[in-house]
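So for the sequence shown, the working numbering puts the first residue at 5; every next one is plus one.
Data first, discussion second: the structure below is written as structure tokens.
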Amino acid sequence: MRKLLLCVPMMLFLAGCFPAKVSPAEELALTIRGEYLEMTACSAHLAVTADYGQRVYQYQMEASVEGEDMTLTLTAPETVAGMTARFSGEEGTLEYDGVWTETGALDGDGLTPVSAFPALLEAARSGYITACALEEEDTLLRVDCGDPTGSPGQGREIALWFDASSHALVKGEISVDGFRVILCQCASFTEN
């Protein structure tokens, strides 16, 4: 009996010494995170849908990232084509021959359709991963990011989909309090 009582605590101690098995999806998510942290330049064609509840706006834009500098040029709709947003670190400007477009913020932190792509890249690099899974016959990796202290469906949550073989960002969604406010489809995403 005494041997059995010593054996149980020893087994519990040894079980705590070995790390938990990491799933293939988690391993791939960590590999992609490392690649995006090291990435210094990328470009993509984006189709962004911003849902304000009563209004829905759709944009297309070209994105170019070089270090901390990002340029987003709207290509559609035609009424705002050519408008350019430039971000450098935390600072951002919007310019186009004196024309200004304002759709309003999607959340209390100032999320807009133009700031959605930088938010997706930031989540890919350093967002708190709440879940990840391989989808569509293991061709896509879905990574969900959120507040580590928050509850599901509250605050800002980001879902990212990466091509499982090329690791290119394919799609991203940003939800606020359980409601999807941004859908961003990425075409021709390339690391430069």
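No residue lacks a Cβ here, since even glycine has one placed at the ideal position from N, Cα and C.
Task: Straight-line Cα distance separating residue 157 from residue 104 - done: Confidence at residue 104 is low in this model, with a pLDDT of 49, below 50, so its placement is unreliable and the value that follows should be read with caution. Pairing residue 104 with residue 157, the inter-Cα distance amounts to about 33 Å.
Open item on the list: Quick test of your reading: residue 129 and residue 40, contact by CB under 8 Å. State the CB separation rounded to the nearest angstrom.
Closed with: With a Cβ gap of about 5 Å, residue 129 and residue 40 count as contacting.
Task: Beta-carbon proximity of residue 63 to residue 80, cut-off 9 Å - done: Yes; because the gap between Cβ atoms is below 9 Å, this pair is in contact.
- [ ] Could you pull out every residue in the same chain whose Cβ sits closer than 8 Å to the Cβ of residue 85, ignoring the five residues on either side in sequence?
- [x] Taken in chain order, the residues that qualify are 78 and 79.
Open item on the list: Is the beta carbon of residue 47 closer than 9 Å to that of residue 26?
Closed with: Their beta carbons are not under 9 Å apart, which means residue 26 does not touch residue 47 by this criterion.
Open item on the list: Within 10 Å of its beta-carbon, does residue 188 have 16 or more other beta-carbons around it, so buried, or fewer, so exposed?
Closed with: Of the other Cβ atoms in all chains shown, 16 or more fall within 10 Å of the Cβ of residue 188; this residue is therefore buried.
Task: Three-state secondary structure assigned by DSSP to residue 53 - done: In this structure, residue 53 counts as strand in the three-state DSSP scheme.
Open item on the list: Let me check one thing: in DSSP terms, what residues is residue 178 bridge-paired to?
Closed with: The partner list for residue 178 (beta bridge, DSSP) reads 162 and 186.
- [ ] State the start and end residues of the unbroken alpha helix (DSSP H) segment that holds residue 33.
- [x] It spans 28-42 - the alpha helix (DSSP H) in which residue 33 sits, taken as one unbroken run.
Task: Bridge partner(s) assigned by DSSP for residue 84 - done: Note: residue 84 sits in no beta bridge, so no partner.
- [ ] Below 8 Å on the Cβ atoms is my guess for residue 195 versus residue 43; work out the distance and round it to an integer in Å.
- [x] Correct: roughly 6 Å between the Cβ atoms.
Task: Proximity of residue 50 and residue 65 at Cβ, strictly below 9 Å - done: With contacts defined by Cβ atoms closer than 9 Å, residue 50 and residue 65 form a contacting pair.
Open item on the list: On the criterion of 16 or more Cβ atoms from any shown chain inside 10 Å, does residue 146 qualify as buried, or is it exposed?
Closed with: Residue 146 comes out buried.
Open item on the list: Does residue 128 come out as helix, strand or coil in the three-state DSSP assignment?
Closed with: Of the three classes helix, strand and coil, the one that applies to residue 128 here is helix, per DSSP.
Task: Distance between residue 58 and residue 166 (C-alpha atoms, nearest Å) - done: Near 30 Å, if we compare the C-alpha coordinates of residue 58 and residue 166.
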